[in-house]
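Residue numbers (our numbering): 3 to 475. Don't be surprised by glycine CBs; every beta carbon is placed ideally from N, CA and C. What follows is one structure encoded as structure tokens, with my remarks underneath.
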Amino acid sequence: MPKRNSLWANIDWITVILFLVLVLLGWVNIYAAVFNPEHQSILDTSQRYGKQLIWIGLALVIGFFILLIESNFYVFFAYIIYGVVVLLLILVLFIGSEINGQKAWFMFGPVGFQPSEFCKFATGLALAGYMNSHGFKLKQLKSTAIVSAIILAPFILIILQNDTGSALVYFSFVLVLYREGLSGIVLFFGTLLIILFVFALIISNLTLSLVLLGAVLIVFYVVNPKLKQYLKIPVIYILSISLFLFANLIVGSGYDISDAITAGSVLGTLVIFGISYFKKQNNYLTIALIFLGSVLFTISVDYAFNNILGNHQQARINELLGIESDPLGAGYNVNQSKIAIGSGGFLGKGFLEGTQTKFNFVPEQSTDFIFCTVGEEWGFVGSFVVIALFILLFYRLVWLAERQRSGFSRVYGYSVAAILFFHFFVNIGMTIGIMPVIGIPLPFFSYGGSSLWAFTILLFVFIRLDASRYEKF
């Protein structure tokens, strides 16, 4: 058993070694992805692989100093760190530099600093601090509201920076809340919303409105199979929809049949909700609320897709869902990435022998699409090894989180695992065409100082907290 008063004996060196191995593999693959025959030295700082070595060196220094800081520091300053980073997210909207359509960077000469990368660990600290506070109960409305505010504040600010990919990472905190007692019903309905989101994009509004209406009528009948009572429900819907169809016919308001059915369904549901409320029919109230929420969610998806997402984001989602096929446009990155990975075969083409990589067929091949270099040059075996290392890291983090005696450390540990897993799953999913291209890096692999330092801080703060697991704080 490790000595309780020895920091270095209590550090989980397995996690540290996994980190070092992943960083080293990432560096080698960045070298392969952007290899320049005129600058063959992997230490050449004029090239991305040389610059990445500098970022790696600084990341190791950052990790070392994090381990030297007392663990109580992260507990005491959790809210302050969160507040400072959120303030930076606000400032970058006004004085930041715009790169690739995203106003998310502070530029210091040739070096860029992206606060959204560091806000992930800050949000994890703030969430751990609040959820470990006295009297916290996740099922209480006040607690749920504050937790939601902690997560949504950076989410909204990052959306305003036009960095949708980084913003979506904050959905990973739902896994942390689930571990801390969030009802499984929330995850169930969350899954249904994802399914509804997809259907809202691939099915016409008229068809989806009719499907939802049919589903709710069936549920109403299951709840109350008495024909006399049940017939009141479809009659209300028919009258409501007819009202909007008649208005469109007489007044010529300009909306189509789909809009009339949607509006009539909403009105009918509100009528049923009102009747059920006054008669205290809780089952009908619940069904009406779920249906109303589904319809409004469908409308919001349609609006957000057409009015908030950029044209390139719409095109990528349409390409993924098979609505459109544009292998030379929106689907080019993914198409070339799949070709690169598939061409690697079982053992790969060999180090620096990737033709798709060498001739720059895959855009962003050292950042968002770094995994295609792994697949092409190292094949199935190399891809399997990289994925296995990540899975081993996730398993280790969850195991470490479960052994914590402090609620703060446990919540933060699960935050680390959830954030890294989200990045891993979505990034690799992008390269093989099962996830939309939203532009987030593969942890410890993708080129870039901000992301590497942010992931290093995220991980090493937890390693430091775990090393103090015998202490009370």
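Short of 6 Å from the beta carbon of residue 51, and not among the five residues preceding or following it, lie these beta carbons of its own chain, in chain order: 32, 33, 44. The Cβ atoms of residue 66 and residue 459 lie no closer than 8 Å to each other.
Per DSSP, the unbroken alpha helix (DSSP H) holding residue 133 starts and ends at 117-133. Shown here for residue 167: same chain residues with a beta carbon closer than 6 Å to its own, the five before and five after excluded, namely 440, 441, 442 in chain order. It is roughly 26 Å from the alpha-carbon of residue 209 to the alpha-carbon of residue 285. The beta-carbon distance between residue 297 and residue 214, rounded to whole angstroms, is 6 Å. This is short enough to meet the 8 Å contact definition. When DSSP states are grouped into helix, strand and coil, residue 105 belongs to the strand group.
Annotation for residue 411: the continuous alpha helix (DSSP H) segment containing it runs 409-433. If you draw a straight line from the Cα of residue 381 to the Cα of residue 435, it is about 17 Å long. When DSSP states are grouped into helix, strand and coil, residue 275 belongs to the helix group. DSSP places residue 73 in the uninterrupted alpha helix (DSSP H) bounded by 73-78.
Under the DSSP definition of a beta bridge, residue 99 partners with 107. Taken through DSSP and simplified to helix, strand or coil, residue 441 comes out as coil. Taking 4 residues as the minimum length, the alpha helix (DSSP H) runs contained wholly in the stretch 10-47 are 15-35, in order along the chain. Judged by DSSP in its simplified three-state form, residue 114 adopts strand. Residue state for residue 449 is assigned as coil, using DSSP reduced to three classes.
Closest in alpha carbon position to residue 289, among 306, 271, 304, 300, is 271.
Inclusion of residue 444 and residue 37 in the CB contact set at 8 Å is not warranted, their separation being larger than that value. It is roughly 21 Å from the alpha-carbon of residue 276 to the alpha-carbon of residue 211. Residue 107 counts as buried, since at least 16 other C-beta atoms from the protein chains shown sit within 10 angstroms of its C-beta.
Restricting attention to alpha helix (DSSP H) runs no shorter than 4 residues, the stretch 335-388 encloses them at 357-360, ordered along the chain.
In the structure shown, residue 222 falls within a helical segment according to DSSP collapsed to helix, strand and coil. Exclusion of the five residues before and after residue 169 leaves 157, 160, 161 as the residues of its chain whose Cβ lies within less than 6 Å of its Cβ.
By the 16-neighbour rule on beta-carbons within 10 angstroms, residue 412 is buried. Assignment of residue 138 by DSSP, reduced to helix, strand and coil, places it in the coil class.
By the C-beta criterion, the stretch 452-469 is judged to be in contact with the stretch 410-429, since at least 3 inter-stretch pairs fall below 8 Å. Judged by beta-carbon spacing, residue 352 lies within the 8 Å limit of residue 379, meaning their Cβ atoms are closer than that value. The Cβ neighbour count for residue 451, taken over all protein chains shown within 10 Å, is at least 16; the residue is labelled buried. Secondary structure note for residue 178: its alpha helix (DSSP H) is the uninterrupted segment 175-181. Only residues of its own chain outside the window of five on either side were considered, and among them 21, 418 have a CB closer than 7 Å to the CB of residue 461, listed in chain order. Pairwise C-beta distances place the stretch 63-83 in contact with the stretch 108-127, as three or more of them are shorter than 8 Å. In this structure, DSSP gives residue 84 a helical state, which the three-state scheme calls helix. If you check the CB distance, residue 410 and residue 24 do not come in under 8 Å. Residue 222 is a Cβ neighbour of residue 235, given a cutoff of 8 Å.
Taking C-beta atoms as the reference points, residue 63 and residue 202 fail to come closer than 8 Å.
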